[in-house]
Amino acid sequence: VLSSSQHYRRVDGGRDHIFVWGSGMAADGPFATWRDWVPNAIFMMTEPELWNPYKEVVLASYTPYKDILVPGRITVDDMIGLGKMAKPVEERSVLGHFIGWPRPPHPSVMPPEQCQNSSCPLNVRSVLLAKKGDE
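All the letters of the sequence shown, read from the start, carry residue numbers 151 to 285 under the working numbering.
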């Protein structure tokens, strides 16, 4: 039905379409053929990285020149609490902040099983936690 409809086969590549994606998979999960149908559509998303379980998808959905990155959810109370716990900047030898879960690297970067602990620089959470005692 879509392929015969002129509305979906316009020459602008979907520039008049805006999609909101709430997960790291962005368009590649629910709309894997978006590059064929609406390559110029604007995406609003919370995560610009390449993150999906699909080995054949090696390009991130996020394109800096056309898409909008929306910060993840952090409440005002979260920010106040983080501010109260923070050391003054002049007392810090290392500054790091991580919100999220330690997802494995994309299979196109390296096999996820090779990045399980702080010896892998792509495992940001483990690297930061390993520095916890370095005060």
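Glycine included, C-beta positions come from ideal geometry on N, C-alpha and C.
Does the distance from the C-beta atom of residue i to that of residue j stay below 8 Å?
| i | j | result |
| --- | --- | --- |
| Asn295 | Asp217 | A question about residue 295 goes unanswered here, because the residues of the chain that appear run from 151 up to 285. |
| Tyr212 | Phe193 | yes |
Which same chain residues end up closer than 6 Å to residue i when comparing Cβ atoms and leaving out the 5 residues on each side of it in sequence?
| i | result |
| --- | --- |
| Ser190 | Inspection of the sequence shows that residue 190 is occupied by Asn rather than by Ser. Excluding residues within five positions, the ones whose Cβ falls inside 6 Å are Gly163, Gly164, Arg165. |
| Val151 | Confidence at Val151 is low in this model, with a pLDDT of 42, below 50, so the placement of that residue is unreliable and no value is reported for it. |
| Leu219 | Pro198 |
| Trp184 | Ala177 |
| Ser268 | Ser276, Val277, Ala280 |
| His167 | Val188, Ala191 |
Since I believe residue j is in contact with residue i (beta carbons under 8 Å), could you give me their beta-carbon distance rounded to a whole number of angstroms?
| i | j | result |
| --- | --- | --- |
| Pro255 | Leu272 | 5 Å |
| Gly172 | Thr196 | 7 Å |
| Lys281 | Val239 | That pair is no contact at about 17 Å. |
Which same chain residues, not among the five before or five after residue i, have their C-beta less than 8 Å away from its C-beta?
| i | result |
| --- | --- |
| Lys205 | Pro257, Ser258 |
| Pro221 | Thr196 |
| Cys265 | Pro254, Pro255, Leu272, Asn273 |
Tell me the DSSP bridge mates of residue i?
| i | result |
| --- | --- |
| Val170 | Met194 |
Starting from the C-beta of residue i, find all residues in its chain whose C-beta is less than 7 Å away, skip the five residues before and the five after it, and write them out in chain order.
| i | result |
| --- | --- |
| Val207 | Asp178 |
Whole beta strand (DSSP E) elements within the region 205 to 257, 3-residue minimum
none
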